[in-house]
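Trainee:
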Amino acid sequence: MTEKIHYPPHDGPYFGEYGGRFVPEAFVAALDEIETAYEKASVDPEFHAELKKLHETYTGRPSIITEVPRFAEAAGGARIILKREDLNHTGSHKINNVLAQALLVKRMGKTRVIAETGAGQHGVATATAAALLGLDCTIYMGAEDTRRQALNVARMRLLGAEVVPVTAGSQTLKDAINEAFRDWVASVSTTHYLIGTVTGPHPFPVMVRDFQKIIGEEAREQVTELTGALPDAVCACVGGGSNAMGIFHAFIPDAGVKLFGFEAGGKGIASGKHSATISGGSPGVLHGTRSFIMQDDDGQTKESYSVSAGLDYPSVGPEHAYLSSIGRVEYRPVDDDHAMNAFERLCRTEGIIPAIESAHALAGALDIGRELGPGAVILVSLSGRGDKDVETAARWFDLLDDEPGEGA
365 MTEKIHYPPH DGPYFGEYGG RFVPEAFVAA LDEIETAYEK ASVDPEFHAE LKKLHETYTG
425 RPSIITEVPR FAEAAGGARI ILKREDLNHT GSHKINNVLA QALLVKRMGK TRVIAETGAG
485 QHGVATATAA ALLGLDCTIY MGAEDTRRQA LNVARMRLLG AEVVPVTAGS QTLKDAINEA
545 FRDWVASVST THYLIGTVTG PHPFPVMVRD FQKIIGEEAR EQVTELTGAL PDAVCACVGG
605 GSNAMGIFHA FIPDAGVKLF GFEAGGKGIA SGKHSATISG GSPGVLHGTR SFIMQDDDGQ
665 TKESYSVSAG LDYPSVGPEH AYLSSIGRVE YRPVDDDHAM NAFERLCRTE GIIPAIESAH
725 ALAGALDIGR ELGPGAVILV SLSGRGDKDV ETAARWFDLL DDEPGEGA
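Using my numbering, you'd call the opening residue of the sequence shown number 365 and step up by one each time.
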C-alpha cells in the first residue's frame, strides 16, 4: 500500500484562492445552465454509457502505452513510458472532452457550438464532434496560428466548420478566446462555447478535468500491469493544462509519485518571450478565472510566445495554480531548443513524431530521468501527434529544399 496524500474533492468554483467566475452578467445564466446539465449528466448512467460507447467505437479508447527504451537512453538509466493520446481519433487528447461537451449541448437543446483553438487540435476535435452530432460550428483562431497550422484549418473546413481568423492583438490563442467570448454573448440562447481546456469560468475547469481524467485512470492501470508498481514520476506539458490535469488527477493522492508540469519556456524566462505562466507569471484574472497570468505592473496581459502554437497562452488552468501553491506539482519551463531536441530524438529513436506541445514533456522527462537515476519509471502524456507540426519542425531543422530555414 502506497502512502496517500489527502486531496479532498475540488468541484469548484474555487481551488484555494484560484478559479471562480469573473464574467459579465450576460454569461451567468448560460454558465448556470451548463453547470446544471453537467451535474445531471454526471449521475446519469445513460450519459456515461453513451460517452463510453463513443470512446470505444469512435475515439479509439483505451489508448495504449508504449515504452521507448532507445529514446530513454539519454535519461540516465530511467525507463520512459508514453501514454499514447496521439493515437486518438483526430490525433490528440482533445477529443475526450469535446465529445462529452457535445453530448451536453444536445441535452441542453442548443444547435451551435463555437470554440477557439491555437494549434488547431481542439478546433479539429470540435468540428469533428459537430459533424458527428449535427451541430453548426464556428472556430476562432488567431491569424498567426492559421498560418502556422494551415493543415488543421483545412481539416476544420472539410468537416464543415467556419474558421474565423482573428487579426487583433498578437493574433494567437488569447485573441481567439476574446473573439469567441464576443460571439457567445450575442448568441448565448442557441450557442454553447465549447472551451477546450481546464480554464475559463466555473464550471469549465472542473468539467473539462473530469472529462479528461480518463487519461490518468487508464494509464495508472496500464503502468501498474506493465511494471508491477506505480510510476516514480508523471510528466506532461502545460499550456492551458487539460492533458496534464487529465493524467495527473489519478496520481495526486499517491505520495510516492512525483508530478511535473512542463511549461513553454520559449526563448527563456529572462527574455520575456515565453508562455511559462507559473514559472514567470503572477496571480490575476483572465478569461473569467483567477490563476497565474503573464501581466505587467498595471495588470495588462503580456503577449506570450512559444514555438508551439498549442502552448502559446498567457494563463493556465486554476487547479494547476493551486497544485503549484500546495507543492503537489512542480512546474518547470522548457525552452524551444530543449523541446525541439527532444522532438527530433523521439522521431529518430522510436519512429514517433510527437506534437511540439508534447515534446516539452519529453524534454522534461529526460531531465527528470537523470535526476531520479537508474531504474526510475517515468510516465509521459504524449498528448498529440505531430502531423500539424511537420512544417514548423521542417523549417526549424532546415529540411525544406525550397525554403530558407528559420530555426534556432
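Backbone N, C-alpha and C fix where the C-beta goes; we use that ideal spot for every residue, glycine too.
1) Going straight from the alpha carbon of alanine 719 to that of isoleucine 503, what length do you get?
2) Can you tell me the Cα-Cα spacing of aspartate 677 and histidine 412, whole angstroms?
3) For the candidate residues Asn452, Leu415, His724, whose alpha-carbon lies nearest to that of glycine 630?
4) Determine which residues share a DSSP beta bridge with serine 679 and list them.
5) In the stretch 432–467, which residue ranges form an unbroken beta strand (DSSP E) of at least 3 residues, counting only runs that do not cross its ends?
6) My understanding is that glycine 604 touches valine 680, with C-beta atoms under 8 Å, so please give their C-beta distance in whole angstroms.
7) From which residue to which residue does the beta strand (DSSP E) around arginine 476 run?
8) As a quick exercise: from Ser639, Val741, Glu431, Gln465, pick the residue whose alpha carbon is nearest that of lysine 538.
9) Just how far apart, CA to CA, sit histidine 651 and proline 426?
10) CB threonine 490 to CB alanine 525, shorter than 9 Å?
11) Does DSSP put histidine 374 in a helix, a strand or coil?
12) For threonine 554, which three-state DSSP category applies?
13) Span of the beta strand (DSSP E) holding threonine 502?
14) In whole angstroms, what is the alpha-carbon distance linking threonine 430 and alanine 550?
15) Check whether the stretch 661–674 touches the stretch 550–560, taking contact to mean three or more Cβ pairs, one atom from each stretch, closer than 8 Å.
16) Which of the three DSSP states, helix, strand or coil, is assigned to proline 569?
17) Could you check what DSSP says for tyrosine 669 in three-state terms: helix, strand or coil?
18) Below 9 Å between beta carbons: does that hold for alanine 466 and alanine 493?
19) Measure the Cβ-Cβ separation of leucine 415 and proline 567 and say whether it is below 9 Å.
20) Does DSSP put proline 718 in a helix, in a strand, or in coil?
21) If we ignore side chains and look at the alpha-carbon of each, how far apart do histidine 684 and proline 372 end up?
22) Could you tell me the distance, in whole angstroms, from the CA atom of phenylalanine 545 to the CA atom of valine 527?
23) Count the other CB atoms, across all protein chains shown, that sit within 10 Å of the CB of proline 595; report buried if there are 16 or more and exposed otherwise.
24) In terms of alpha-carbon separation, which member of Ser745, Lys752, Ala758 lies closest to isoleucine 444?
25) Which residues does DSSP list as the beta-bridge partners of arginine 749?
26) Taking the C-alpha atoms as reference points, what is the distance between alanine 436 and alanine 442?
27) Going by other Cβ atoms of all chains shown within 10 Å of its Cβ, with 16 needed for buried, is glycine 383 buried or exposed?
28) Which one or two residues does DSSP pair with aspartate 618 in a beta bridge?
29) With a 10 Å radius around its C-beta and 16 neighbouring C-beta atoms as the bar for buried, classify proline 738 as buried or exposed.
30) Quick one: Cα of arginine 512 to Cα of serine 635, how far?
31) Could you check the C-alpha separation between valine 552 and proline 565 for me, to the nearest Å?
32) At the level of alpha carbons, what is the spacing between alanine 583 and aspartate 662?
33) Within a Cβ cutoff of 7 Å, which residues of the same chain sit near aspartate 660, ignoring the five residues on either side of it in sequence?
34) Run the CB neighbour count on glutamate 770, radius 10 Å, all protein chains shown included, and call it buried at 16 or more, exposed below.
35) In this structure, how does DSSP classify leucine 415 when only helix, strand and coil are distinguished?
Mentor: Looking at the coordinates:
1) Mapped onto the sequence shown, residue 719 falls at position 355. Mapped onto the sequence shown, residue 503 falls at position 139. Per the coordinates, the alpha-carbon of alanine 719 lies some 21 Å from the alpha-carbon of isoleucine 503.
2) Locating residue 677 in the sequence shown gives position 313, counting from the first residue. Locating residue 412 in the sequence shown gives position 48, counting from the first residue. The question names aspartate, yet the displayed sequence has tyrosine at residue 677. Computed Cα separation, rounded: 32 Å.
3) Here the question's residue 630 lines up with position 266 in the sequence shown. Out of Asn452, Leu415, His724, His724 has the C-alpha closest to the C-alpha of glycine 630.
4) Position 315 of the sequence shown, counted from the start, is the residue given in the question as residue 679. DSSP, once it has assigned bridges, lists Ile657 as partnering serine 679.
5) Listed in chain order, the complete beta strand (DSSP E) runs (minimum 3 residues) inside the stretch 432–467 are 443–448.
6) Within the sequence shown, residue 604 is the residue found at index 240, counting from 1. Within the sequence shown, residue 680 is the residue found at index 316, counting from 1. With a Cβ gap of about 7 Å, glycine 604 and valine 680 count as contacting.
7) Here residue 476 corresponds to residue number 112 of the sequence shown, with the count starting at 1. Counting along the chain, the beta strand (DSSP E) containing arginine 476 begins and ends at 476–481.
8) Start at 1 with the first residue of the sequence shown, and residue 538 comes out as number 174. If we check each option's Cα against that of lysine 538, Ser639 comes out closest.
9) Here residue 651 refers to the residue found at position 287 of the sequence shown. Here residue 426 refers to the residue found at position 62 of the sequence shown. One C-alpha to the other measures close to 33 Å.
10) As a first step, residue 490 must be located in the sequence shown, where it is residue number 126. As a first step, residue 525 must be located in the sequence shown, where it is residue number 161. Closer than 9 Å, so yes.
11) As a first step, residue 374 is located in the sequence shown; it is residue number 10 there, counting from the start. Note: histidine 374 maps to coil in three-state DSSP.
12) One-based indexing of the sequence shown puts residue 554 at position 190. If DSSP states are grouped into helix, strand and coil, threonine 554 belongs with coil.
13) Reading the sequence shown from its first residue, position 138 is the one you call residue 502. If you look at threonine 502, you'll find it in the beta strand (DSSP E) that goes 500–506.
14) One-based indexing of the sequence shown puts residue 430 at position 66. One-based indexing of the sequence shown puts residue 550 at position 186. Taking the straight line from one Cα to the other gives about 46 Å.
15) Too few Cβ pairs lie closer than 8 Å, so no.
16) The sequence position of residue 569 within the sequence shown is 205, counting from 1. The answer is helix: DSSP assigns proline 569 an H, G or I state.
17) Your numbering for residue 669 matches position 305 in the sequence shown. In this structure, tyrosine 669 counts as coil in the three-state DSSP scheme.
18) Within the sequence shown, residue 466 is the residue found at index 102, counting from 1. Within the sequence shown, residue 493 is the residue found at index 129, counting from 1. The Cβ atoms of alanine 466 and alanine 493 sit closer than 9 Å to each other.
19) As a first step, residue 415 is located in the sequence shown; it is residue number 51 there, counting from the start. As a first step, residue 567 is located in the sequence shown; it is residue number 203 there, counting from the start. It is not a contact, given that the beta carbons lie outside the stated cut-off.
20) As a working note, residue 718 is residue 354 in the sequence shown. Proline 718 falls in the strand class under three-state DSSP.
21) Along the sequence shown, read from residue 1 onward, the residue named residue 684 stands at position 320. Along the sequence shown, read from residue 1 onward, the residue named residue 372 stands at position 8. Between histidine 684 and proline 372, the C-alpha separation is close to 15 Å.
22) Counting from 1 along the sequence shown, the entry for residue 545 is found at position 181. Counting from 1 along the sequence shown, the entry for residue 527 is found at position 163. One C-alpha to the other measures close to 15 Å.
23) For the purposes of this step, residue 595 is identified with residue 231 of the sequence shown, where counting begins at 1. Buried.
24) For the purposes of this step, residue 444 is taken as residue 80 along the sequence shown, with counting starting at 1. The residue with the shortest Cα to Cα distance from isoleucine 444 is Ser745.
25) Position 385 of the sequence shown, counted from the first residue, corresponds to residue 749. In DSSP, arginine 749 forms a bridge with Pro718.
26) Here residue 436 refers to the residue found at position 72 when the sequence shown is read from its first residue. Here residue 442 refers to the residue found at position 78 when the sequence shown is read from its first residue. For alanine 436 and alanine 442, the gap between their C-alpha atoms comes out near 7 Å.
27) Against the sequence shown, residue 383 aligns to sequence position 19. Classification for glycine 383: buried.
28) The residue labelled residue 618 in the question sits at position 254 within the sequence shown. BP columns for aspartate 618 point to Lys368.
29) Your numbering for residue 738 matches position 374 in the sequence shown. Flag for proline 738 reads exposed.
30) By 1-based counting over the sequence shown, the position of residue 512 is 148. By 1-based counting over the sequence shown, the position of residue 635 is 271. About 22 Å.
31) Position 188 of the sequence shown, counting from 1, holds the residue named residue 552. Position 201 of the sequence shown, counting from 1, holds the residue named residue 565. A straight-line Cα-Cα distance of about 15 Å links valine 552 and proline 565.
32) In the sequence shown, residue 583 corresponds to position 219, counting from 1. In the sequence shown, residue 662 corresponds to position 298, counting from 1. Each residue's alpha carbon lies about 43 Å from the other.
33) Here residue 660 is taken as the residue at index 296 of the sequence shown, counted from 1. Answer for aspartate 660: Lys666, listed in chain order.
34) Along the sequence shown, read from residue 1 onward, the residue named residue 770 stands at position 406. Reliability fails at glutamate 770, whose pLDDT of 45 lies under 50, so the model's placement of it is uncertain and the value that follows must be treated cautiously. Glutamate 770 sits exposed, since fewer than 16 C-beta atoms from the chains shown fall within 10 Å of its C-beta.
35) On the sequence shown, residue 415 is found 51 positions in, with the first residue counted as 1. For leucine 415, the three-state secondary structure derived from DSSP is helix.
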